[in-house]
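For my numbering, count along the sequence shown from 1 and bump the result up by 1145. Every residue, glycine too, gets a C-beta built ideally from N, C-alpha and C. Bear in mind the structure is a predicted one, so any value in this text is a computation, not a measurement. To keep things clear, I will list the structure first and then write my remarks on it.
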Amino acid sequence: MVKAIEIAYYMVDYAHKSEKGCLLSGFKMNSLLFLVQGYSLVRLNRRAFKDKIHKNSYGAFIPEPHGQFRQYGCLFIPRKHVVTNPLYWKECNTPYYDKYEVCYRDKATAYAIYMCDRLDEKTEEIIKEVYDTYCKMSIPALNDYIRSMQSYKQSDQFFDIDL
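Structure, rendered in structure tokens:
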């Protein structure tokens, strides 16, 4: 099973390739990941990613994607992303990025282009459907929508569903 950050990278890549006319913001990412997880549970009877989804006053919160994308806030996540520890990614040989442009003056950052090739076709379809359906919603409207769901109202601290 993949991590939420892999689905997030796929979603950013899809947002730039799609012709929907809306790009993905850092604040919107958590809400869309929450919806991807829900769609996957309903349609495929399995989780899309293994990370726990935390509940907060705004809606859903997933630590790793939030940490990667919070720097963008309400701004659109660009096609090239600043990676905070490029040496870690290179050592792990993870398929998250297409290419690196390491800045050697500051070894703590690098530019990378998103990529994820480990997702199955059904998960990719769900990600695209969620993005296409909800990308034009404002962040407050999306958060209100999530907070109105029974799963949000009935959960304590986590949305942790075991199948």
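- Pairing Ser-1176 with Asn-1288 gives a Cβ-Cβ distance under 8 Å.
- With respect to the C-alpha of Cys-1280, the residue from Glu-1164, Asp-1196 and Lys-1148 having the closest C-alpha is Glu-1164.
- Shown here, Asn-1190 sits in coil according to DSSP, grouped into three states, outside any helix or strand.
- Around the beta-carbon of Ala-1193, 16 or more other beta-carbon atoms lie within 10 Å, marking it buried.
- Following the DSSP letters along the chain, one finds Gly-1212 inside the alpha helix (DSSP H) bounded by residues 1208-1214.
- For Ile-1152, the enclosing alpha helix (DSSP H) has its first and last residue at 1149-1162.
- Proximity to Ile-1150 across Tyr-1290, Glu-1270 and Lys-1197 peaks at Lys-1197, based on C-alpha coordinates.
- The beta carbon of Cys-1167 lies closer than 6 Å to those of Cys-1280 and Lys-1281 in the same chain, with the five residues before and after it left out.
- Here the alpha carbons of Val-1275 and Tyr-1154 stand approximately 14 Å from one another.
- Taking each of Met-1174, Ser-1296 and Asp-1158 in turn and checking the Cα distance to Cys-1219, the smallest one comes out for Met-1174.
- With distances taken between CA atoms, Ala-1286 lies nearest to Phe-1172 out of Phe-1172, Ala-1160 and His-1161.
- C-alpha of Phe-1221 to C-alpha of Met-1156: approximately 12 Å in a straight line.
- Annotation: the continuous alpha helix (DSSP H) that includes Lys-1273 extends over 1266-1279.
- Here Lys-1200 is buried: its Cβ has 16 or more other Cβ atoms, across all protein chains shown, within 10 Å.
- For Gly-1204, the secondary structure class from DSSP, reduced to helix, strand or coil, is strand.
- Excluding the 5 residues flanking it on each side, Phe-1179 has same chain C-beta neighbours closer than 8 Å at Ile-1198, Gly-1204, Ala-1205, Ile-1207, Ile-1291 and Phe-1304, in chain order.
- Residue burial annotation: Val-1187 is exposed, with fewer than 16 other C-beta atoms found within 10 angstroms of its C-beta.
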